[in-house]
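>
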Amino acid sequence: MLPTASNLSTDLRDPAARSDDQGEHLLLGVGGQTIRLVRLPGAPAGTPLAALVPLDGDGYDRIAAIDRLLRALQGHAVPPDRRLTPQQKRRHRRMLQATDGHMNGASYREIAGVIFGPDRVAAESWKTSALRASVIGLVKGGHAMIAGGYRQLLRHRHKE
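So for the sequence shown, my numbering puts the first residue at 85; every next one is plus one.
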């Protein structure tokens, strides 16, 4: 059975919900994940949950997320989130790793050793190494993510 406003409290991870002018902010544990919900002001107890979807450029992504949430709430198999390929996930992970190292004072060569292994780094002339160019690109991409590019991770590429 789907949770309603009246029985959500049994599934909350944080029973001390926070309220503000937008409503009551709740955390719901579903399928090993935490879902943030807002009960709108004036919604009577026992009212079934509803999803509000802004009809903007991200509407399809939001609908896909709601579909996954509804499947999880009903105990059905949840399809994987396919916004990122395994290769993209690996590159983003490396970007964050490289940027973290760079921000903590590591040289590009040291970062390359951690990401690609010291043997691969030692096998090439560093000044002309493709690994050097790769690490510089990873750090640059990581800084772009930090500056707000991370928002693109949550969007599908849709054909116009």
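Positions of the beta carbon are idealized from the N, C-alpha and C atoms, including for glycine.
1) Going along the chain, which residues of its own chain have a beta-carbon closer than 8 Å to the beta-carbon of V205, five neighbours each way excluded?
2) So, under 8 Å CB-CB, G113 and R123 are touching, yes? Tell me the CB distance rounded to an integer number of Å.
3) Could you say which of G185, D203, W210, E208 lies nearest to G226 if we only look at CA atoms?
4) Taking the alpha carbon of H176 as the point to measure from, which residue in A127, I119, P164, R235 has its own alpha carbon closest?
5) Quick one: what does DSSP say H227 is sitting in, helix, strand or coil?
6) In the DSSP assignment, find the unbroken beta strand (DSSP E) run with D104 in it and report its ends.
7) Between which two residues does the alpha helix (DSSP H) containing V198 stretch?
8) Can you name the start and end residues of the beta strand (DSSP E) that L110 belongs to?
9) Alpha carbon to alpha carbon, what distance is there between T118 and P163?
10) Spatial neighbours of G143 within its chain, please: CB distance less than 8 Å, with the 5 preceding and 5 following residues excluded, ordered by chain position.
11) Just list the residues that DSSP pairs W122 with in beta bridges.
12) Which residue's Cα is closest to the Cα of H160: Q181, A231, R152?
13) Just the Cα atoms here: how many angstroms apart are R174 and G126?
14) Which one of T169, A148, L180, D104 has the shortest CA to CA distance from A231?
15) If you follow the alpha helix (DSSP H) that K211 is in, where does it begin and where does it stop?
16) Please state the DSSP three-state secondary structure of T169.
On the basis of the data shown:
1) R193, A196, G197, S213, L215
2) Actually they do not touch by this definition, with Cβ atoms about 16 Å apart.
3) G185
4) R235
5) helix
6) 102-104
7) 192-200
8) 107-114
9) 17 Å
10) V137
11) Looking at the sequence provided, one finds Val at residue 122 rather than Trp. BP columns for V122 point to H109.
12) R152
13) 45 Å
14) L180
15) Element bounds for K211: n/a, residue is neither H nor E.
16) coil
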